[in-house]
Every structure is written in structure tokens, then in C-alpha cells.
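Participant: Take a look at this one; I'll ask things after.
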Amino acid sequence: MPRRKKQHYHTRRRHHDKPGVAPGTLVAPPDAHPSTVSVIAYGEKDMVEKNLSSIAEIQDYIGKWPVTWINIDGLADVGTLAELGEILNFHPLALEDVLNQHHRAKAEDFGDHIFMITHMMQVKEETLESEQLSLFIGKNFIITLQERPDGDVFNPVRERLRRGEMRRIRTSAADYLAYSILDAVIDGYFPVLEFVGDWISNLEDQVVSRPDHCLVTETHVLKRNLRQMRQAMWPLREAVNTLHNEHPLIGEEAQIYLRDCQDHIINVLDLLEIDRERASGLVDIYLSSVNNQMNETMKILTIISTIFIPLSFIAGVYGMNFDRQASPYNMPELGWFYGYPFALGLMALVFLMLLVFFIRHGWIRSSRN
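Going by full-length UniProt numbering, the letters in the sequence shown line up with residues 1 to 369, in that order.
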């Protein structure tokens with residue numbers, strides 16, 4: 001079975017504020033991507049989707065359409081984020097949290113809007129990638145802020161919006177869009193878990209058939225990835241509970257759908273726990289395989305030693321340098337015409353007898369077995 005390409009988990013160095021910086025100070029991460037702003041504004045009958053040249057243009061949509069979804073890709077433009085906060089009266093600490101890439105998933109109530117942080121997980125080219133997603137949920141708007149512009153998990157949501165009239169998402173309020181976005185984030189974990197499950201199965205096969213020290217390193221990488229996924233998903237359960245607890249911005253219908261999100265989170269956590277147990281067992285399987293290989297090696301060496309002990313004894317006996325002229329009992333075989341072939345034949349006979357003995361007792365088996 002060919003070995004699959006080694007998998008990795010992609011994450012960047014976490015960005016923290018410098019000590020002594022005033023709370024609410026906006027500092028872009030050093031590896032931040034340029035910011036781009038897009039809008040999807042819609043109602044039951046109409047929808048508009050376009051890229052914006054400046055964040056100030058969102059005022060042409062928010063409040064003038066039933067629901068407005070503003071998406072910002074890249075966090076390098078701190079000015080854009082600050083202007084967004086001024087327009088929509090976002091708290092500076094919430095904006096600061098958007099730029100800090102080390103937060104647990106959470107949901108915070110700011111009265112006229114909810115601020116939420118979660119993490120998207122995707123598989124790209126045999127690599128696991130995690131990205132922090134920040135959301136602001138208002139009465140008639142949703143703001144999403146992503147770290148990178150290289151793709152997200154929201155295409156199914158966008159397609160549902162584009163498909164036209166009489167779709168539930170087009171006739172519902174912003175809270176339903178918030179649910180749809182969260183549902184897409186959570187559902188994005190299932191293909192990742194399928195990928196991880198295949199990864200574990202591949203490692204299980206390799207660790208049994210070809211145990212290698214490199215597999216231990218890869219197993220530790222796998223366990224770290226699972227731990228990071230669990231750290232991303234477990235607090236999201238609490239955050240969704242916060243939204244579900246009869247918040248005035250979350251309608252009764254959306255709360256029903258959020259219960260479905262909670263069920264999906266529990267499913268993800270259950271699958272993660274199963275994968276963690278399988279990953280933990282990989283090291284034990286590896287040690288067992290290595291011990292089995294060592295036992296096989298020791299058995300072969302023991303068989304070889306056991307075979308050569310009597311042969312060495314025979315060779316040692318006939319190698320003793322006694323004078324045959326001094327006594328007729330001093331190894332008369334050395335004077336035989338066929339003495340040397342006799343000694344070799346005796347060695348061969350002992351070898352064959354031991355070989356038959358080992359085979360009958362199962363010490364030597366065919367590789368087909």
C-alpha cells in the first residue's frame with residue numbers, strides 16, 4: 001500500500017498586543033492580508049452583490065435593505081476596521097479582538113448587536129488550515145471579518161441567496177443569515193473529520209505493516225491537530241448557547257435552527273473524541289509492532305545460534321590437536337580416508353534435524369503465513 005503524502009496543520013504565529021498598549025488599540029497582525037470589502041444586500045424580491053471601494057459605502061445598504069451582509073477579507077487595513085466601528089458604533093475592545101488571532105470562540109452581547117468569534121477549518125491540498133472568523137450580528141445586518149481572502153466555507157450560503165425568490169433565507173431576517181453562516185462553519189468540520197479519519201486509518205496500516213520512527217512524529221502532529229480542533233469547537237458550543245438563550249436579536253424561528261447547530265456541534269465533538277482515542281492508540285500500536293519486530297529478530301538470532309552451537313561443538317572436537325601416534329584413542333577419525341566428508345556430513349545431519357525440529361514447533365514459518 002503506497003504511503004500517502006504527509007499531512008500538516010497550517011497555522012500562523014499568534015498575534016498578541018504588545019505589553020503596555022492601551023485597550024482598544026488596533027494593531028494589524030504582521031502577516032495580515034490587504035482588506036477587501038464586499039456586500040450582499042437582499043430582500044424577498046431583490047438582491048444586490050458587489051465589491052465596495054471603501055467601507056463608507058456600507059451606509060448605502062445597511063438600513064435600506066431588509067438584510068445586509070458585509071464581508072471583509074484581510075485585516076491589514078486598520079483604518080477600514082476603525083471606520084467600520086465608527087459607522088456602526090462597535091466597541092473598540094471588540095474590534096481589537098478581531099485583530100488578535102488567539103481567541104477562543106465566544107459570543108458577547110453589546111445591546112444593539114452581538115459580537116462573536118469562531119474558527120473555520122478547511123482541507124486544502126492535503127493540509128489542514130484554521131482561520132479565525134469574527135461576526136457582528138445586528139438587527140438588519142451581519143458583518144463577517146476573515147483573516148485571508150483565499151476562500152471560505154460560505155459559498156453554499158451565497159448560492160442559496162442567489163437562487164432567488166421564496167427561499168427561506170431570502171424571506172427571513174438577519175438572525176437566520178447568522179444561523180446559516182454558523183451552520184456553514186460547523187458543517188465545514190465534517191469533511192475535515194473525514195480527512196482526519198482517513199489519515200488515522202492510513203497511519204494504522206503503516207504502523208502495523210511498516211513501523212517507522214517518523215510515524216511517531218506524524219502521530220504527534222495528528223494529536224496536536226485534533227487538540228486544536230477540539231479547542232476551537234468546544235467553546236463554540238457555549239457561544240451558540242448564548243445566542244440561543246432568548247436574545248432579542250435572535251427570533252424564535254432562528255432559535256429553533258440554532259438548536260440544530262448545537263446538535264451538529266455535539267456530533268463534531270463526539271467524532272473528535274473518537275479520533276483522539278484512535279490517535280492515542282497509534283503509539284501503543286507502534287510500540288507493539290516494534291516489540292514484535294524485535295521479538296522476531298531475537299527469535300531468528302536464537303535459531304541461528306542454536307543451530308551453530310552443535311556445529312561449533314563438532315568443529316571444536318575435531319579441531320583439537322592430539323597426536324594420533326601417541327595413542328590409538330587420539331581421534332582415529334582423523335586417519336580415515338573419508339574422515340573429512342564424515343565430519344561435514346555429521347554437521348549437515350545435525351543442521352537438518354534442528355531445522356525439522358524448529359519447523360514442526362512453529363519457530364520457522366513461511367512468509368506467506
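From the three backbone atoms N, C-alpha and C, an ideal C-beta is built for every residue, glycine too.
(1) Out of 120, 43, 244 and 257, which has the shortest C-alpha to C-alpha gap to residue 63?
(2) Taking its Cβ as the centre, do 16 or more other Cβ atoms sit within 10 Å of residue 257, making it buried, or is it exposed?
(3) What does residue 217 pair with, by DSSP beta-bridge criteria?
(4) Who pairs with residue 118 in a beta bridge, going by DSSP?
(5) Where do the ends of the alpha helix (DSSP H) carrying residue 277 lie?
(6) Residue 142: which of 340, 39 and 332 sits nearest, CA to CA?
(7) Just how far apart, CA to CA, sit residue 341 and residue 354?
(8) So residue 27 is in the beta strand (DSSP E); what residue range does that whole segment cover?
(9) Could you check if residue 86 is buried or exposed, using at least 16 other CB atoms within 10 Å of its CB as the buried criterion?
(10) Does the Cβ of residue 361 lie closer than 8 Å to at least one heavy atom of the ligand SAM?
(11) Looking at C-alpha atoms only, which residue of 221, 268 and 332 is the closest neighbour of residue 127?
(12) Since residue 265 contacts residue 186 with CB under 8 Å, what's their CB separation in whole angstroms?
(13) Within 10 angstroms of the Cβ of residue 231, are there 16 or more other Cβ atoms? Answer buried if so, exposed if not.
(14) Exposed or buried, what is residue 361 when buried is set at 16 or more other beta-carbons lying within 10 Å of its beta-carbon?
(15) With residue 185 as the anchor, note down where its beta strand (DSSP E) starts and where it stops.
(16) Can you give the Cα-Cα distance for residue 145 and residue 174, rounded to whole angstroms?
(17) What is the rounded straight-line gap between the Cα of residue 94 and the Cα of residue 194?
(18) In chain order, what residues of the same chain lie with their CB nearer than 6 Å to the CB of residue 71, ignoring the 5 residues before and after it?
(19) Just to confirm, is the Cβ distance from residue 203 to residue 282 under 9 Å?
(20) What is the DSSP secondary structure of residue 159, reduced to helix, strand or coil?
(21) Please classify residue 336 as buried or exposed, where buried requires at least 16 other C-beta atoms within 10 Å of its C-beta.
(22) What do you get for residue 133, buried or exposed, if any count of 16 or more other CB atoms within 10 angstroms of its CB means buried?
(23) Can you tell me whether DSSP reads residue 356 as helix, strand or coil?
Facilitator: So, from the data block:
(1) The closest CA to that of residue 63, considering only 120, 43, 244 and 257, is found on 43.
(2) Under this definition residue 257 is a buried residue.
(3) In DSSP, residue 217 forms no bridge with anything.
(4) 133
(5) It spans 252 to 318 - the alpha helix (DSSP H) in which residue 277 sits, taken as one unbroken run.
(6) 39
(7) Roughly 20 Å between the two C-alpha positions.
(8) Element bounds for residue 27: n/a, residue is neither H nor E.
(9) exposed
(10) This structure does not include the ligand SAM; it has no bound ligands of any sort.
(11) 221
(12) At roughly 6 Å, the Cβ-Cβ gap stays under 8 Å, so residue 265 and residue 186 are in contact.
(13) exposed
(14) exposed
(15) Premise fails: residue 185 lies in the alpha helix (DSSP H), 174 to 187, not in any beta strand (DSSP E).
(16) 16 Å
(17) 34 Å
(18) Hits under 6 Å: 38 and 144.
(19) yes
(20) Three-state result, residue 159: helix.
(21) exposed
(22) buried
(23) helix
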